[in-house]
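First up is the structure itself, then whatever we jot down about it.
There are 4 protein chains.
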Amino acid sequence: MVSKQRRLPRQVREQQVIDAAVQVFSRVGYHTASVEEIAEAAGISKPMVYIYLGSKEGLFTACIHREADRLVEAVRSALRSDATPEQRLWEGLRAFFRFVAGHRESWKVLYQQARSQGEPFSKEVAQARCRVMDEITALVVSGTELPDGGRIISTEDAELLARIAAGAADALTDWLLEHPRETPEDLTMRVMEIARIGAHRYYRPGAAGPGIVRPRTGS
Amino acid sequence: MVSKQRRLPRQVREQQVIDAAVQVFSRVGYHTASVEEIAEAAGISKPMVYIYLGSKEGLFTACIHREADRLVEAVRSALRSDATPEQRLWEGLRAFFRFVAGHRESWKVLYQQARSQGEPFSKEVAQARCRVMDEITALVVSGTELPDGGRIISTEDAELLARIAAGAADALTDWLLEHPRETPEDLTMRVMEIARIGAHRYYRPGAAGPGIVRPRTGS
Amino acid sequence: MVSKQRRLPRQVREQQVIDAAVQVFSRVGYHTASVEEIAEAAGISKPMVYIYLGSKEGLFTACIHREADRLVEAVRSALRSDATPEQRLWEGLRAFFRFVAGHRESWKVLYQQARSQGEPFSKEVAQARCRVMDEITALVVSGTELPDGGRIISTEDAELLARIAAGAADALTDWLLEHPRETPEDLTMRVMEIARIGAHRYYRPGAAGPGIVRPRTGS
Amino acid sequence: MVSKQRRLPRQVREQQVIDAAVQVFSRVGYHTASVEEIAEAAGISKPMVYIYLGSKEGLFTACIHREADRLVEAVRSALRSDATPEQRLWEGLRAFFRFVAGHRESWKVLYQQARSQGEPFSKEVAQARCRVMDEITALVVSGTELPDGGRIISTEDAELLARIAAGAADALTDWLLEHPRETPEDLTMRVMEIARIGAHRYYRPGAAGPGIVRPRTGS
DNA sequence: AATGAATGAGGCTTCATTCAT
DNA sequence: TATGAATGAAGCCTCATTCAT
Chain A
1 MVSKQRRLPR
11 QVREQQVIDA
21 AVQVFSRVGY
31 HTASVEEIAE
41 AAGISKPMVY
51 IYLGSKEGLF
61 TACIHREADR
71 LVEAVRSALR
81 SDATPEQRLW
91 EGLRAFFRFV
101 AGHRESWKVL
111 YQQARSQGEP
121 FSKEVAQARC
131 RVMDEITALV
141 VSGTELPDGG
151 RIISTEDAEL
161 LARIAAGAAD
171 ALTDWLLEHP
181 RETPEDLTMR
191 VMEIARIGAH
201 RYYRPGAAGP
211 GIVRPRTGS
Chain B
1 MVSKQRRLPR
11 QVREQQVIDA
21 AVQVFSRVGY
31 HTASVEEIAE
41 AAGISKPMVY
51 IYLGSKEGLF
61 TACIHREADR
71 LVEAVRSALR
81 SDATPEQRLW
91 EGLRAFFRFV
101 AGHRESWKVL
111 YQQARSQGEP
121 FSKEVAQARC
131 RVMDEITALV
141 VSGTELPDGG
151 RIISTEDAEL
161 LARIAAGAAD
171 ALTDWLLEHP
181 RETPEDLTMR
191 VMEIARIGAH
201 RYYRPGAAGP
211 GIVRPRTGS
Chain C
1 MVSKQRRLPR
11 QVREQQVIDA
21 AVQVFSRVGY
31 HTASVEEIAE
41 AAGISKPMVY
51 IYLGSKEGLF
61 TACIHREADR
71 LVEAVRSALR
81 SDATPEQRLW
91 EGLRAFFRFV
101 AGHRESWKVL
111 YQQARSQGEP
121 FSKEVAQARC
131 RVMDEITALV
141 VSGTELPDGG
151 RIISTEDAEL
161 LARIAAGAAD
171 ALTDWLLEHP
181 RETPEDLTMR
191 VMEIARIGAH
201 RYYRPGAAGP
211 GIVRPRTGS
Chain D
1 MVSKQRRLPR
11 QVREQQVIDA
21 AVQVFSRVGY
31 HTASVEEIAE
41 AAGISKPMVY
51 IYLGSKEGLF
61 TACIHREADR
71 LVEAVRSALR
81 SDATPEQRLW
91 EGLRAFFRFV
101 AGHRESWKVL
111 YQQARSQGEP
121 FSKEVAQARC
131 RVMDEITALV
141 VSGTELPDGG
151 RIISTEDAEL
161 LARIAAGAAD
171 ALTDWLLEHP
181 RETPEDLTMR
191 VMEIARIGAH
201 RYYRPGAAGP
211 GIVRPRTGS
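So the protein lines, in turn, are chains A, B, C and D.
Each residue of the first sequence is one higher than the one before, starting from 1 at the first, in full-length UniProt numbering.
Each residue of the second sequence is one higher than the one before, starting from 1 at the first, in full-length UniProt numbering.
Each residue of the third sequence is one higher than the one before, starting from 1 at the first, in full-length UniProt numbering.
Each residue of the fourth sequence is one higher than the one before, starting from 1 at the first, in full-length UniProt numbering.
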């Protein structure tokens, strides 16, 4: 609950409302959340929510937009331009995992809530959600490119990989909820370690080869 | 819509209602779905739904229960008892992925809907959901055990791995929605291949070792 | 207020609701009327109104439709087919005035309320209202036709005359409100008498002629 | 929208607000009109409206008052004191029709809106409306008086006639809306012509007599 | 004088749930 | 068994109106 203070400029209030909304939406879900409850959590009255955000759906959309921006920003700012593509991939993914682990409410709203509201829901929300997935996808795509233009995996598989990463990150949300002592950093480390061990274990020297995809030459 | 036929035995009707409910819940989400809509889809009147399932939440719980049963059954029946633990792990996971890919509605209700309904939601639903996760976790745990009682990864990490698997499978739901041409089988293959390549690529012979966890002796 | 009685068939309730709505709308106006108030007057609860009529606007539209039907029916049934056009005109107008005077609530809703709701109001309402005006117009048009196909006044003027009749009838609504002792019959007589006297007084034998409009022959 | 200009004297602002209000009220109706919309149309902020006019109803009342004044003034200034009563009647009515036809917004607010707001509405508005009707009534009464103090029609019928005139004028509002090419002058001419033809047609030399009402002599 | 910020009150609408046949 | 009829409760949203600067 925001400490009550009267007569704040619009921009400040707007952010406070979005803050409150993210908390409430992530806790009880979009439909169960009432605008009244959100308004109270933000320390204002219902009409203000409508004056600033237009509607419950508008409020939700605003949440999605802001959190999407934050996540994209977190990932981007982790990418040093002088790194190798592979380094960039790992650093980007690490930043992504850290964000998800460290901003559970944001992520729950962004991923779970935005996804489980059925068909006839705002196109805008879907688009904002896409921006996040596109960012991760781009990261994976550029990170699995070879210097000669070939690819470790196909572009389509890279997209799939991005989805899997998101889904995995999402699953971790619950795990963190049930293990409150675990820090986001620990979690990230754990995941990386699991990947490393998995890689080691299932590596068979004589297996069908790394499956590299060369760029088509000629036409 | 179920073709109308009067005087069916209770059990049949009940299943028809649950069928309809799974369809509707998966399409529009728990809260947006109205009991009326479900009753219509099931070809009966609203009061019957209440006579059979007690309440909207009871109906939802019934859905979760039945689909959880189905999923667990699908995984279990794929496990040959004469296989090695490692084989059992892969076969179980494959069965799991196949189920998710082939029964999207079931999975959406079981995983997405059951998760995105916030805090004050039925304990029963949470438990049914847990049964699924426990099944996968057991699969991973037994599949990462060494003959001498040691473990490739810790039990806690195995649990984490199970979550990741579920999250990944969940993400594929969307992917399938956007690529209708892909069959569940193709998808499963793709995922396995990605895992294999990933393993190959990031394996470093000199790395810190396989991280095997030995069972504590004594104490 | 309808005497309360439970479990009535839909058709009956629907008419009761419309009855109540016409009363309330005519008394306090469309916007001031609350659905709650109407429901109470009809002896049922709010949701029933929505189940049967869909929305406040739907309810209003239903009122307009029903009252328009009644008015048109009242006028039509007054027209004997073996009368001269001129007789039909007077008889139709008399029936019209009688209806307006005898069903003030119906008329207020049909004419005043439907007219004063601004621009973005249901097209349906406008159409129903038009049916009434068209009926009167047709009456006037056929009543001012000459046996040889010529016309006493032009069609356009006939339309105007119909409007004037409606406007005049409307004004009488207020007058009746302020003179409760006057019966519809008296009022109708008065109006006719005024018209007759007016005709007599302002008739100038040498004036510019009756202004008959002949049908165009040839072309 | 009034071009914005700061620091105008109160009276000017007040008129601008009333101007805007008449426009908006006539377009969308009293209830649908929001104070915000009117304030915007007047180029000032909401609180100013309240400072100047007190309340929404106060604003509406002010509109009615001003437009009633204008209409009365239009009619009065058309009456030459040296004319015969009958001439005054016709000239007054012509001025009245011209005003209605030429100031549709004013009339709609004054007549339609003020009338369709139901029962519990400002007494003040009703009174202002009455002033207009009284003016017309006085006109008709004095115009149907005979030199010897007798009357062509009874006072009560004169009042009725005034109402009819208002209702007819009101109906013409819609007609003008649907025939934008017609000028107020044309319309007035048309109406007069219809009256003249009607008079001619229905005059029967042998009819019951002109129905003159002699003043009661003695008591 | 002027306005951005804020709200109490109230209306429309929906829906899970029950009643009476 | 089966259902049309009915409602209590609650949520979204708007608006006239006021406060504090």
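Each residue gets a CB set at the ideal place from its N, CA and C atoms; glycine is no exception.
Keep in mind that this is a model prediction, so the values were computed, not measured.
Taking C-beta pairs closer than 7 Å, name the residues in chain A that residue 83 of chain B reaches, listed in chain order.
-> Here the premise fails: no neighbours, minimum Cβ distance about 17 Å.
Compare the beta carbon distance of residue 144 of chain A and residue 162 of chain A with 8 Å and say whether it is the shorter of the two.
-> no
Per-residue burial, residue 117 of chain C [other beta carbons within 10 Å of its own, 16 or more giving buried] = buried
Take the Cβ of residue 29 of chain A as the centre, count every other Cβ of all protein chains shown within 10 Å, and call the residue buried at 16 or more, exposed below.
-> buried
In the structure shown, what three-state DSSP assignment does residue 27 of chain C receive?
-> helix
Any C-beta of chain C under 8 Å from that of residue 13 of chain D | no
If you draw a straight line from the C-alpha of residue 123 of chain C to the C-alpha of residue 58 of chain C, how long is it?
-> 12 Å
In chain order, what residues of the segment 82-115 of chain C put their CB closer than 7 Å to some CB of chain D?
-> 112, 113, 115
Hey, does residue 183 of chain D have any beta-carbon neighbour from chain C nearer than 8 Å?
-> no
Cβ of residue 18 of chain B within 8 Å of Cβ of residue 94 of chain B?
-> no
If you run the structure through DSSP and keep just helix, strand and coil, what is residue 70 of chain B?
-> helix
Specify the secondary structure class of residue 151 of chain B as computed by DSSP and reduced to three states.
-> strand
Under 9 Å Cβ-Cβ, which residues of chain C neighbour residue 27 of chain D?
-> 118, 119
Looking at the structure shown, is residue 145 of chain C part of a helix, part of a strand, or coil, going by DSSP?
-> strand
For residue 36 of chain D, does the count of other Cβ atoms within 10 angstroms reach 16, so buried, or fall short, so exposed?
-> exposed
Which chain C residues sit within Cβ distance under 8 Å of residue 170 of chain D?
-> 167, 170, 171
May I have a chain-ordered list of the alpha helix (DSSP H) segments no shorter than 4 residues that lie completely inside the segment 63-137 of chain A?
-> 85-102, 104-107
Check whether the Cβ atoms of residue 75 of chain A and residue 96 of chain A lie closer than 8 Å to each other.
-> yes
Are the beta-carbon atoms of residue 92 of chain C and residue 171 of chain D separated by less than 8 Å?
-> no
Does the Cβ of residue 51 of chain C have 16 or more other Cβ atoms within 10 Å, making it buried, or fewer, making it exposed?
-> exposed
Of all the CB atoms in chain A, is at least one closer than 8 Å to the CB of residue 163 of chain B?
-> yes
Check residue 57 of chain B in the structure and name its three-state DSSP category.
-> helix
Given that residue 155 of chain B touches chain A, what residues does it touch there, using C-beta distances under 9 Å?
-> Neighbours of residue 155 of chain B on chain A: none; closest Cβ ~13 Å, over 9 Å.
Give a yes or no on whether the minimum CB-CB distance between residue 32 of chain C and chain D is below 8 Å.
-> yes
Nearest residue (CA-CA) to residue 22 of chain B, options B:12, B:43, B:64, B:9 | B:64
So which residues of chain B does residue 136 of chain A contact, with C-beta pairs closer than 9 Å?
-> What residue 136 of chain A touches in chain B: nothing, since even the nearest Cβ is about 11 Å away.
Closest Cα partner of residue 128 of chain A within the set A:141, A:146, A:107 | A:107
Listed by chain order, chain C residues near residue 160 of chain D by CB distance under 8 Å = 172, 175, 190, 191, 194
Tell whether a beta-carbon distance below 8 Å holds between residue 48 of chain C and residue 13 of chain C.
-> yes
Supposed contact pair residue 176 of chain C and residue 104 of chain C - C-beta distance, whole angstroms, cut 8 Å = 6 Å
What is the rounded straight-line gap between the Cα of residue 8 of chain C and the Cα of residue 15 of chain C?
-> 11 Å
Start and end of the alpha helix (DSSP H) containing residue 38 of chain D?
-> 35-42
Within 10 angstroms of its Cβ, does residue 169 of chain A collect 16 or more other Cβ (buried), or is it exposed?
-> buried
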